[in-house]
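Scroll down for the structure; my scribbles are underneath it.
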Amino acid sequence: MPTKEGQAEVEVEGAFSKPALRVEEVRIVDNTIRATVWAGKFGSHEKAIGDVAGSDTDIKDKAASNLFRVVLAFPEEGDIGILAVETIGRSCPVAQLTRWMTKKSRDEATQGADEGAWWRICVTPLADENRLAE
1419 MPTKEGQAEV EVEGAFSKPA LRVEEVRIVD NTIRATVWAG KFGSHEKAIG
1469 DVAGSDTDIK DKAASNLFRV VLAFPEEGDI GILAVETIGR SCPVAQLTRW
1519 MTKKSRDEAT QGADEGAWWR ICVTPLADEN RLAE
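All residue numbers in the sequence shown are consecutive under our numbering, ending with 1552.
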């Protein structure tokens, strides 16, 4: 059952709570890939309030998103790297990002007649002990 008026339309269309991810920029620096991504969820917000009355915008069918920084560091040897994804408040798109990277890898590997190797990205969360102590 929708908790807010207007959410029903989004739920019927199957987009409510569906994650949204858009890669904004990608740079390769040494053995790292650095990116910025827009991430959010469809239907998570109903309205964007303007600075003056009457300038509000209905966004119930859009994904309210934040811009996150991402760094993927590859090891010189071995197959375990580091994926660092920015957290804003309680939001961190690491699950959306790893699903997208795995899907893109599989899609590219299955182009053509022969299936090639593809990456299944698995992550283990790590925390900065000093940051948690703050």
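Just so you know, even glycine gets a beta-carbon here, dropped at the ideal spot from N, CA and C.
Please read all numbers here as calculations on a predicted model, not as lab measurements.
Nearest to residue i by CA position, among the options, is which residue?
i	options	result
C1379	T1528, A1551, T1454 and D1476	Any question about residue 1379 goes unanswered here, given that the chain covers just 1419 to 1552.
L1501	L1544, S1435 and E1443	L1544
V1444	L1550, L1490, T1520 and T1542	L1490
V1540	I1498, R1549 and G1534	The question names Val, but residue 1540 is Cys in the sequence shown. When each option's Cα is compared against that of C1540, the closest is I1498.
L1550	T1505, F1460, T1520 and V1470	T1505
G1461	G1468, P1437 and I1446	P1437
A1457	L1439, K1521 and T1450	L1439
W1537	D1448, E1494, S1523 and D1546	S1523
V1447	G1472, E1547, E1552 and F1492	F1492
E1494	E1442, I1467, T1450 and G1530	T1450
T1520	A1535, A1471, G1472 and N1548	A1535
A1482	G1472, D1525 and I1467	I1467
K1480	H1463, A1471, E1547 and E1552	H1463
List the endpoints of the continuous alpha helix (DSSP H) containing residue i.
i	result
T1516	V1512 to A1527
L1550	E1547 to A1551
On the DSSP bridge assignment, give the partners of residue i in chain order.
i	result
E1443	T1454
K1465	D1476
A1438	G1458
I1506	S1509
Can you tell me the Cβ-Cβ gap for residue i and residue j, rounded? I've got them flagged as a contact below 8 angstroms.
i	j	result
K1465	S1435	Between S1435 and K1465 the Cβ distance is about 17 angstroms, and since that is not below 8 angstroms, they are no contact.
Considering residue i, what are the terminal residues of the beta strand (DSSP E) in which it resides?
i	result
V1491	The amino acid occupying residue 1491 in the given sequence is Ala; Val does not appear at that position. That run of the beta strand (DSSP E) goes A1481 to A1491.
V1503	I1500 to V1503
| So does the region 1471-1488 actually touch the region 1499-1517, counting three or more Cβ pairs closer than 8 angstroms? | Between the region 1471-1488 and the region 1499-1517, the count of Cβ pairs shorter than 8 angstroms is three or higher; the stretches touch.
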